[in-house]
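One structure is given below, encoded as structure tokens.
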Amino acid sequence: MAEASIAAALALAPGARIALLTGGEAWVPMLREHAFALGHGPDRILVRAVPPAGDVLARDPDGAARLLAKAAEAVIAEGAAAVVLGGAGLAGLAPAVAAHLPVPVLDSLDCLMEASLGEPLPFLPPPSSAPSLDLSPALARRLGG
Numbered sequence: 021m022a023e024a025s026i027a028a029a030l031a032l033a034p035g036a037r038i039a040l041l042t043g044g045e046a047w048v049p050m051l052r053e054h055a056f057a058l059g060h061g062p063d064r065i066l067v068r069a070v071p072p073a074g075d076v077l078a079r080d081p082d083g084a085a086r087l088l089a090k091a092a093e094a095v096i097a098e099g100a101a102a103v104v105l106g107g108a109g110l111a112g113l114a115p116a117v118a119a120h121l122p123v124p125v126l127d128s129l130d131c132l133m134e135a136s137l138g139e140p141l142p143f144l145p146p147p148s149s150a151p152s153l154d155l156s157p158a159l160a161r162r163l164g165g
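One gets our numbering by counting positions in the sequence shown from 1 and adding 20 to each.
Okay, here's the thing in structure tokens:
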């Protein structure tokens, strides 16, 4: 979902900063690392989270939309020209959040579905080769390492 969302947001905001907004602080380091692995630093992609995790947010869609809109206002103030709501728990909330904001708001699940049905994603660099750690011998052979 992250790759599809990043590609879609970058396409909507060429040359501008975008933001990934998710539920649960635990996701922030992983999403930052993923963006970096795709070749994008914090100058291009902001990653932020609201404290409740996605499953908690999904139980109160109206409250979640208000909380996410407030968090999105903060990333817009930091220069984000598009906002991605990341994670399955936030699926379906983008229209309610977008109603309060001056920039496009994307649903990461929608981005994934569109990407899976369409052409290969633009703007994604080829995967880099990196050493793998702690793989079983069988998996290491399977991966060619």
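Just so you know, even glycine gets a beta-carbon here, dropped at the ideal spot from N, CA and C.
Per DSSP, the bridge partner or partners of residue i
i, result
"residue 65", "38"
"residue 100", "37"
"residue 106", "42"
"residue 125", "103"
"residue 20", "Not covered by the structure: residue 20. The range shown for the chain is 21 to 165."
"residue 70", "43"
Rounded separation between residue i and residue j - CA only
i, j, result
"residue 157", "residue 51", "29 Å"
"residue 131", "residue 83", "23 Å"
"residue 23", "residue 98", "22 Å"
"residue 78", "residue 110", "6 Å"
Residues of its chain near residue i, where Cβ-Cβ distance is below 6 Å and the 5 sequence neighbours each way are ignored
i, result
"residue 40", "51, 67, 104, 106"
Residues near residue i by beta carbon distance below 7 Å, same chain, minus five either side
i, result
"residue 193", "Outside the modelled stretch of the chain, which goes from 21 to 165, sits residue 193, for which no answer is possible."
Contacts around residue i, its chain only, beta-carbon distance under 8 Å, and the 5 residues preceding and following it disregarded
i, result
"residue 37", "63, 64, 65, 66, 98, 99, 100, 101"
"residue 14", "In the structure as shown, the chain begins at 21 and stops at 165. Residue 14 is therefore absent and cannot be evaluated."
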